[in-house]
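Using our numbering, the first residue of the sequence shown is number 315, and each one after it goes up by one.
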Amino acid sequence: MNEATFLQLCEHLSDNLWLQGLLVAVGTCFLEDAGRCGVGLLVAAGHMEAWVALIGMFLGGISGDLGLYLTGRYATQFLLSRRWMNADRLTRMKEIFACHAVKAVLFSRFLPGARTVAYSVAGIVRYPFPRFLIMLCAASLVQALLFLWMGAFIGDHILPYLRQPHLSAALIAAVVLVGFLTHRALARRRARTGKE
């Protein structure tokens, strides 16, 4: 799918705000940060209203995270019955999570990959659902606003330069050069540590 085809799909969606919101919610539920980046850029390009994107990202993020919490909550008995986890370890997890719940829920929202573990553990230790939901709503709202702001910034300050062919080629060359130099430095480091 090229950019023109994608933009044609977006034009058809621009007439139906409910469908846009549903698409954003489902996309951010499953694709998470990649979906949010795309939505932010669609808003910056004027193909989607900011409020539709905000509501869709907020609801999509919460629905996916609630699924993780509920999976953890209802999988606890399965984990205990299969002896993958013992009751003593579960008690220790509850104590640790109770001390660090706010940090775990809020920070894992912004660390890719950490969300799955943190929210599943919140369910496993049966962290109080109302408190979890309040923290989750706050974190999801902040993240949605942050992605909209980043999309607007990139759309206003970076994308205009990338439309110029010479600058696009220079950027691609710079990325390839940085990748090559990083690979070379890591290979030298591995060779040095192998000799020692």
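Every residue, glycine too, gets a C-beta built ideally from N, C-alpha and C.
The shortest CA-to-CA distance from G427 to any of V338, A348, L337, G335 is the one to A348. When the beta-carbon positions are compared, A412 and A432 stay at least 7 Å from each other. The residues V338, A339, V340, G341, T342, C343, in chain order, have a CB closer than 7 Å to that of G374 in the same chain once the five nearest residues on each side in sequence are set aside.
Between the alpha carbons of G354 and A401 lies a distance of about 44 Å. Note on geometry: alpha-carbon atoms of S454 and F372 lie some 6 Å from one another. Around the beta carbon of D470, fewer than 16 other beta carbons sit within 10 angstroms, so the residue counts as exposed.
Taking a cut-off of 8 Å on C-beta distances, the stretch 350-368 touches the stretch 459-476, as three or more cross pairs fall below it. Annotation for R403: the continuous alpha helix (DSSP H) segment containing it runs 401-422.
D379 is the residue among F392, D379, I472 whose C-alpha sits nearest the C-alpha of M449. A distance of 7 Å or more separates the beta carbons of Q391 and M362. The C-alpha of P474 lies about 43 Å from the C-alpha of A436.
Apart from the 5 residues on each side of it in sequence, M399 sits with its Cβ closer than 7 Å to the Cβ of L393 in its chain, given in chain order. Taking every protein chain shown into account, the CB of Q457 has 16 or more other CB atoms within 10 angstroms, so this residue is buried.
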